[in-house]
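Trainee: Provided herewith is a single structure, encoded as structure tokens, for subsequent inquiry.
There are 2 protein chains.
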Amino acid sequence: MTKLKNDRLIRALLRQPVDATPVWMMRQAGRYLPEYRKTRGQAGSFMALCTNPELACEVTMQPLERFPLDAAILFSDILTVPDAMGLGLYFAEGEGPRFRKPVRTEADVKALAVPDPETELRYVMDAVRLIRQTLHNRVPLIGFAGSPWTLATYMVEGASTKTFSHTKGMLYNEPRLMHRMLETVARAVTDYLNAQVAAGAQAIMIFDTWGGVLTPADYAEFSLQYMQQIINGLTREHEGQRIPVILFTKGGCQWLEIMADTGCDALGIDWSTDLAAARKRVGDRVALQGNLDPAVLYAAPEVIREKVADVLAHFGPGSGHVFNLGHGINPDVDPEHAGALVDAVHELSRPYHLQDGN
Amino acid sequence: MTKLKNDRLIRALLRQPVDATPVWMMRQAGRYLPEYRKTRGQAGSFMALCTNPELACEVTMQPLERFPLDAAILFSDILTVPDAMGLGLYFAEGEGPRFRKPVRTEADVKALAVPDPETELRYVMDAVRLIRQTLHNRVPLIGFAGSPWTLATYMVEGASTKTFSHTKGMLYNEPRLMHRMLETVARAVTDYLNAQVAAGAQAIMIFDTWGGVLTPADYAEFSLQYMQQIINGLTREHEGQRIPVILFTKGGCQWLEIMADTGCDALGIDWSTDLAAARKRVGDRVALQGNLDPAVLYAAPEVIREKVADVLAHFGPGSGHVFNLGHGINPDVDPEHAGALVDAVHELSRPYHLQDGN
Chain A
746 MTKLKNDRLI RALLRQPVDA TPVWMMRQAG RYLPEYRKTR GQAGSFMALC TNPELACEVT
806 MQPLERFPLD AAILFSDILT VPDAMGLGLY FAEGEGPRFR KPVRTEADVK ALAVPDPETE
866 LRYVMDAVRL IRQTLHNRVP LIGFAGSPWT LATYMVEGAS TKTFSHTKGM LYNEPRLMHR
926 MLETVARAVT DYLNAQVAAG AQAIMIFDTW GGVLTPADYA EFSLQYMQQI INGLTREHEG
986 QRIPVILFTK GGCQWLEIMA DTGCDALGID WSTDLAAARK RVGDRVALQG NLDPAVLYAA
1046 PEVIREKVAD VLAHFGPGSG HVFNLGHGIN PDVDPEHAGA LVDAVHELSR PYHLQDGN
Chain B
746 MTKLKNDRLI RALLRQPVDA TPVWMMRQAG RYLPEYRKTR GQAGSFMALC TNPELACEVT
806 MQPLERFPLD AAILFSDILT VPDAMGLGLY FAEGEGPRFR KPVRTEADVK ALAVPDPETE
866 LRYVMDAVRL IRQTLHNRVP LIGFAGSPWT LATYMVEGAS TKTFSHTKGM LYNEPRLMHR
926 MLETVARAVT DYLNAQVAAG AQAIMIFDTW GGVLTPADYA EFSLQYMQQI INGLTREHEG
986 QRIPVILFTK GGCQWLEIMA DTGCDALGID WSTDLAAARK RVGDRVALQG NLDPAVLYAA
1046 PEVIREKVAD VLAHFGPGSG HVFNLGHGIN PDVDPEHAGA LVDAVHELSR PYHLQDGN
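From first to last, the protein sequence lines stand for chains A and B. Residue numbers for the first sequence, in the numbering used here: 746 to 1103. Residue numbers for the second sequence, in the numbering used here: 746 to 1103.
What follows is the structure, given as structure tokens:
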């Protein structure tokens, strides 16, 4: 493997010295960019964009053409996995994702198969390969998947939900059935992520968007346990390079300690915790990624700069920090504000790395 | 004031001995009850229901006719206050609350007046008086209001929001303007709650539904500070009776210590924290109210009983616990399941009060 021209992200995730704090933004390839909206319009639908490796590569690269970001992240959707498991993903206009065949009964759970990523999800692997070629080792490429619990909420509801009535109904009434389902999904996600690594993903992020709706006991049993299984099964080294794993539970600030115990390399942190407190709690076990309130990007560039400075100061000196938003960038953000964020991180973070710049 | 026939709620909020843990449910008067849907249908609209004291009283009483609840809570809406401030509240079918005149500019903020509760919100005070008459001191009546920050999110957006773009835009770009607005809203809420107490409310709850979307520093500055101002200005005793105050920030589990420092009597706890951990953190400074996952009510009655037992065991022996859901009851819950919850709390909690039953 050729050496990365910019390896700040990988180094920071492994808590190795860097010259400046690396930065990328969740959903950096997305609707806030006019060029994304154009490509999306040409593709015809969101899924047409995801399943076309050339277009997926194009939108993955778009934010890197604008901003000096320290990482690319595969453009895809967490629901490609349940789709490949036979649930029939579609997007109802203005209503978010839907599944034609939600998973509700024991028969539904038994019918779930673990897809072969290089056949059923070949379009994702082709996108990974194409993006790696296109990147020319400029920055690393992050691969990702949803957590089994998060995927299960969509699979059981068949749609987005506020109440999680079917999912929690199954969890509380038929915990063994829920476990059986999560077990299968965890195997599917493990295979999927390992295939991404084989295809060229250089870091992995697991998005547990809905772990935060669980009680502490249920989080450990129904979400964290299956992320642990994935981490245990992941390829952690590929072509002589360590593949760092980032774990992100939205609303999971209470569980940082047990999340760090999974053996992941880094934790994604939302903005409800400050990084000083988070760092104190996890010590030097993991790196931290985050955690600017995405709504700061509605503010003027000078305010953005000030708030970036606050986040950097909260983390403090030394490596082990990847700057990011605490959640995905909102579609109604001015792209120039995103640029102000990226510049501010690089400029203002240098003093924190003076002792150990590489 | 005549003595309450059932004063468990007040005693538990004041951490005095009780014979069983008191229980009520957030949104206990609501859409999960067919009799509520019938009255709501007759009223024609949600606001017609809120502004008619007889109908508001009728729906307040409905859950008490079904279940041996230990408290009534005024049927109303947190947005009656900004409506009385001149913003023009209406409910767009299937889209939630809207304001005709959202607050966006300095001129908008300056134009905000503090309403006189006995004139502009007379219909609420009349409902409080009528409910007290109808209750005949059977159980206490809880009055309530939204927190200034929570009200501000609706007032600035003019609608429900996921991104809080205008509200956080104002917070980050024009913090002084946001403070001026919150100051005015805090005065309006203080007057409103004191009028409820004068009219007969026997406990007060402040709902900070959206405090959890703030960073820790912004929570202290923009939400907690104004709840503190309200608590400082509240009538804490009326006709020789202590009026307990409950503070509830959804998603605020990280801030229990500073919330307890406000001088409130109790904290509402959502299900993301367990009560053993919460009790350890706040000690004997405040009582705790909560915290069953509302989705447990989708489960079978025997599972509900088991999960109620868990919550009671987490709190442990002694007074200072008011059983509740961690959030409002969902509209698609079977009313019999709510009944199973209430019965389970009374039955299973007695052993925890053997030493100090009154």
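Here a beta-carbon is modelled for each residue, glycine too, at the ideal position from N, C-alpha and C. As the structure is a computational prediction, the values presented were derived from the model and not from experiment.
Is the number of C-beta pairs between the segment 986–997 of chain A and the segment 1009–1027 of chain A that are closer than 8 Å three or more?
Mentor: These segments touch.
Trainee: Taking the C-alpha atoms as reference points, what is the distance between Asp764/B and Leu824/A?
Mentor: Along the second sequence, one-based indexing puts residue 764/B at 19. Along the first sequence, one-based indexing puts residue 824/A at 79. Near 51 Å, if we compare the C-alpha coordinates of Leu824/A and Asp764/B.
Trainee: Mapping DSSP to helix, strand and coil, what is Gly891/B?
Mentor: Here residue 891/B refers to the residue found at position 146 when the second sequence is read from its first residue. DSSP places Gly891/B in strand when its eight states are reduced to three.
Trainee: By the three-class DSSP mapping on this structure, what secondary structure does Ile1014/A have?
Mentor: Counting from 1 along the first sequence, the entry for residue 1014/A is found at position 269. If DSSP states are grouped into helix, strand and coil, Ile1014/A belongs with coil.
Trainee: Looking at the secondary structure, which residues open and close the alpha helix (DSSP H) in which Gly1063/A lies?
Mentor: Start at 1 with the first residue of the first sequence, and residue 1063/A comes out as number 318. Element bounds for Gly1063/A: n/a, residue is neither H nor E.
Trainee: Can you name the residues of chain A whose CB is closer than 7 Å to the CB of Gly914/B?
Mentor: In the second sequence, the residue the question calls residue 914/B occupies position 169. What Gly914/B touches in chain A: Tyr1043, Ala1044.
Trainee: List, in order along the chain, the chain A residues whose C-beta lies closer than 9 Å to that of Ala1040/B?
Mentor: Mapped onto the second sequence, residue 1040/B falls at position 295. Near Ala1040/B (Cβ distances below 9 Å), the residues of chain A are Thr908, Phe909, Ser910, Thr912, Lys913, Gly914, Leu916, Tyr917, Val958.
Trainee: Would you mind working out which of Gln1034/A, Glu799/A, Pro847/A, Ser910/A sits nearest Ser1064/A, comparing C-alpha positions?
Mentor: Position 319 of the first sequence, counted from the first residue, corresponds to residue 1064/A. Comparing Cα-Cα distances from Ser1064/A to each of Gln1034/A, Glu799/A, Pro847/A, Ser910/A, the minimum goes to Gln1034/A.
Trainee: One question on the structure: do Arg1024/A and Leu1001/A come within less than 7 Å of each other, judged by their Cβ atoms?
Mentor: For the purposes of this step, residue 1024/A is identified with residue 279 of the first sequence, where counting begins at 1. For the purposes of this step, residue 1001/A is identified with residue 256 of the first sequence, where counting begins at 1. For Arg1024/A and Leu1001/A, no; Cβs fall outside 7 Å.
Trainee: Just list the residues that DSSP pairs His983/A with in beta bridges.
Mentor: As a working note, residue 983/A is residue 238 in the first sequence. BP columns for His983/A point to Gln986/A.
Trainee: Do Gln761/B and Tyr781/B come within 7 Å of each other at the CB atom, strictly closer than that value?
Mentor: Against the second sequence, residue 781/B aligns to sequence position 36. Against the second sequence, residue 761/B aligns to sequence position 16. For Tyr781/B and Gln761/B, no; Cβs fall outside 7 Å.
Trainee: Would you say Gly1102/B reaches chain A, if we count a Cβ-Cβ gap shorter than 7 Å as a contact?
Mentor: In the second sequence, counting from the first residue as 1, residue 1102/B sits at position 357. Note on Gly1102/B: pLDDT 45, under 50, position unreliable in the model; the coordinate value appears next. By this cut-off, Gly1102/B is not an interface position.
Trainee: Give the list of continuous alpha helix (DSSP H) stretches no shorter than 4 residues that lie fully inside the segment 814–856 of chain B.
Mentor: Listed in chain order, the complete alpha helix (DSSP H) runs (minimum 4 residues) inside the segment 814–856 of chain B are 851–855.
Trainee: I think Gly945/B touches Leu866/B, with their Cβ atoms under 8 Å apart; what is that distance to the nearest whole Å?
Mentor: Translated into the one-based positions of the second sequence, residue 945/B becomes position 200. Translated into the one-based positions of the second sequence, residue 866/B becomes position 121. About 14 Å; that fails the 8 Å criterion.
Trainee: Output needed for Gly1102/A: all residues of its chain with C-beta closer than 6 Å, excluding positions within five of it in sequence on either side, in chain order.
Mentor: The residue you call residue 1102/A lines up with position 357 of the first sequence. A caution first: Gly1102/A carries a pLDDT of 45, below 50, which makes its placement in the model unreliable, though a value can still be read off. Within the same chain, Gly1102/A has close Cβ partners Asp764.
Trainee: Pull up the DSSP beta-bridge partners for Asn1036/B, would you.
Mentor: Against the second sequence, residue 1036/B aligns to sequence position 291. Looking at the DSSP assignment, Asn1036/B forms a beta bridge with Asn1069/B.
Trainee: Measuring only the C-alpha atoms, how far is Ser910/B from Gly775/A?
Mentor: For the purposes of this step, residue 910/B is identified with residue 165 of the second sequence, where counting begins at 1. For the purposes of this step, residue 775/A is identified with residue 30 of the first sequence, where counting begins at 1. Their backbone Cα atoms lie some 17 Å apart in a straight line.
Trainee: Could you tell me whether the Cβ of Pro847/B comes closer than 7 Å to any Cβ of chain A?
Mentor: Locating residue 847/B in the second sequence gives position 102, counting from the first residue. Answer no: the Cβ-Cβ gap between Pro847/B and chain A never drops below 7 Å.
Trainee: Expressed to the nearest angstrom, what Euclidean distance is found between the alpha-carbon atoms of His1059/B and Leu1020/B?
Mentor: Here residue 1059/B is taken as the residue at index 314 of the second sequence, counted from 1. Here residue 1020/B is taken as the residue at index 275 of the second sequence, counted from 1. In a straight line, the C-alpha of His1059/B is about 5 Å away from that of Leu1020/B.
Trainee: Using a Cβ cut-off of 7 Å, pull out every chain B residue sitting near Gln999/A, in sequence order please.
Mentor: Translated into the one-based positions of the first sequence, residue 999/A becomes position 254. Result: Cys998, Ser1017, Thr1018.
Trainee: Would you say Val768/A faces chain B, with C-beta separation under 7 Å as the test?
Mentor: What you label residue 768/A is simply residue 23 of the first sequence in a count that begins at 1. Not an interface residue.
Trainee: Just how far apart, CA to CA, sit Met771/A and Ile1003/A?
Mentor: Numbered from 1 along the first sequence, position 26 holds the residue referred to as residue 771/A. Numbered from 1 along the first sequence, position 258 holds the residue referred to as residue 1003/A. The alpha-carbon atoms of Met771/A and Ile1003/A are separated by roughly 23 Å.
Trainee: Tell me which residues share the same chain as Arg981/A and place their Cβ nearer than 7 Å to its Cβ, disregarding the 5 neighbours each side in the sequence.
Mentor: Here residue 981/A refers to the residue found at position 236 when the first sequence is read from its first residue. Arg987, Ile988, listed in sequence order.
Trainee: If you count every other CB in all the chains shown that lies within 10 Å of the CB of Lys907/B, and 16 or more means buried, which is it?
Mentor: Numbered from its first residue, the second sequence carries residue 907/B at position 162. It counts as exposed.
Trainee: Closer than 7 Å by beta-carbon distance: list the chain B residues that pair up with Val1067/A, in chain order.
Mentor: Residue mapping note: residue 1067/A aligns to position 322 of the first sequence, counting from 1. Those within 7 Å of Val1067/A in chain B number zero; the least Cβ separation is about 18 Å.
Trainee: Please go through the same chain and pick out, in chain order, the residues whose beta-carbon is closer than 8 Å to the beta-carbon of Val873/A, but skip the five residues on each side of it.
Mentor: Position 128 of the first sequence holds residue 873/A. Excluding positions up to five away in sequence, the list reads Leu819, Leu886, Gly888, Gln941, Ala944, Gly945, Ala946.
Trainee: Between the segment 940–970 of chain A and chain B, which residues of the former have CB atoms less than 9 Å from a CB of the latter, in chain order?
Mentor: Listed by position, the residues of the segment 940–970 of chain A near chain B (Cβ gap below 9 Å) are Gly957, Val958, Leu959, Thr960, Pro961, Ala962, Asp963, Tyr964.
Trainee: Between the alpha carbons of Met792/A and Asp871/A, how many angstroms are there, rounded?
Mentor: As a working note, residue 792/A is residue 47 in the first sequence. As a working note, residue 871/A is residue 126 in the first sequence. Going from the Cα of Met792/A to the Cα of Asp871/A covers about 15 Å.
Trainee: On the CB-based measure, 16 or more other CB atoms within 10 Å of its CB, does Gly956/A come out buried or exposed?
Mentor: Within the first sequence, residue 956/A is the residue found at index 211, counting from 1. So Gly956/A ends up on the buried side.
Trainee: If Val859/A and Thr954/A are in contact, beta carbons under 8 Å, what's the gap, nearest whole angstrom?
Mentor: In the first sequence, residue 859/A corresponds to position 114, counting from 1. In the first sequence, residue 954/A corresponds to position 209, counting from 1. Between Thr954/A and Val859/A the Cβ distance is about 22 Å, and since that is not below 8 Å, they are no contact.
Trainee: What separation, rounded to the nearest whole angstrom, lies between the Cα atoms of Leu1099/B and Phe1068/B?
Mentor: For the purposes of this step, residue 1099/B is taken as residue 354 along the second sequence, with counting starting at 1. For the purposes of this step, residue 1068/B is taken as residue 323 along the second sequence, with counting starting at 1. The straight-line gap from Cα to Cα measures roughly 17 Å.
Trainee: In this structure, how does DSSP classify Thr954/A when only helix, strand and coil are distinguished?
Mentor: As a first step, residue 954/A must be located in the first sequence, where it is residue number 209. Three-state DSSP puts Thr954/A in coil, outside helix and strand.
Trainee: Within the 7 Å Cβ cut-off, does Asp1079/A reach chain B?
Mentor: Along the first sequence, read from residue 1 onward, the residue named residue 1079/A stands at position 334. Cβ-Cβ to chain B under 7 Å: no for Asp1079/A.
Trainee: Along the alpha helix (DSSP H) that carries Gln878/A, what are the first and last residues, could you check?
Mentor: Looking up residue 878/A in the first sequence gives position 133. Gln878/A -> alpha helix (DSSP H) spans 867–880.
Trainee: Please confirm whether Val768/A and Val1087/A have their CB atoms less than 7 Å apart.
Mentor: For this step, residue 768/A is matched to residue 23 along the first sequence. For this step, residue 1087/A is matched to residue 342 along the first sequence. The answer is yes: Cβ separation under 7 Å.
Trainee: Leu778/B and Arg785/B - do their beta-carbons sit closer together than 7 Å?
Mentor: Position 40 of the second sequence, counting from 1, holds the residue named residue 785/B. Position 33 of the second sequence, counting from 1, holds the residue named residue 778/B. Not closer than 7 Å, so no.
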